[in-house]
Amino acid sequence: MDRFLGYLQDEEHNLLRNGAECYPILGSETGVNYLLAANLGTPDDANIFDLCDEDIMDACHAGTSGTGYVFPAFTSYASMLSHIVECLTEDGTVIRARGLS
């Protein structure tokens, strides 16, 4: 199971906004920097996208668009939220979804 964080640096926001037309929502805590993001290029698109910021950075350095490295992960923000099974608060408390043990 991936662990996602809700905080990214300004450089990452700019990279994703300019290089992939996305706004980051959550970042993974696993070895590779996977992100979930909303599409800024097509405002009517409700999908939540999966991407790796290293792929976007490589595309930008090569002078190409990073949009080819952005893949649909969820059909909507609500769909993404329905897949969250637990949250880890800043003080280390784990909050699990109801009905899960």
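Residue numbers (my numbering): -9 to 91.
Even for Gly, the Cβ is constructed at its ideal location relative to N, Cα and C.
{"Asked": "Length at least 3, wholly inside the region 42 to 82: the beta strand (DSSP E) runs in chain order", "Found": "61 to 64, 76 to 78"}
{"Asked": "G56 vs A10 beta-carbon contact at 8 Å", "Found": "yes"}
{"Asked": "Where the beta strand (DSSP E) containing R88 begins and where it ends", "Found": "Careful: R88 lies outside any beta strand (DSSP E) and carries neither H nor E."}
{"Asked": "Separation of S66 from L25, as counted between CA atoms", "Found": "15 Å"}
{"Asked": "For A28, the three-state DSSP class (helix, strand or coil)", "Found": "strand"}
{"Asked": "Coarse secondary structure for D40, derived from DSSP in three states", "Found": "strand"}
{"Asked": "For L16, the residue or residues it bridges with in DSSP", "Found": "L26"}
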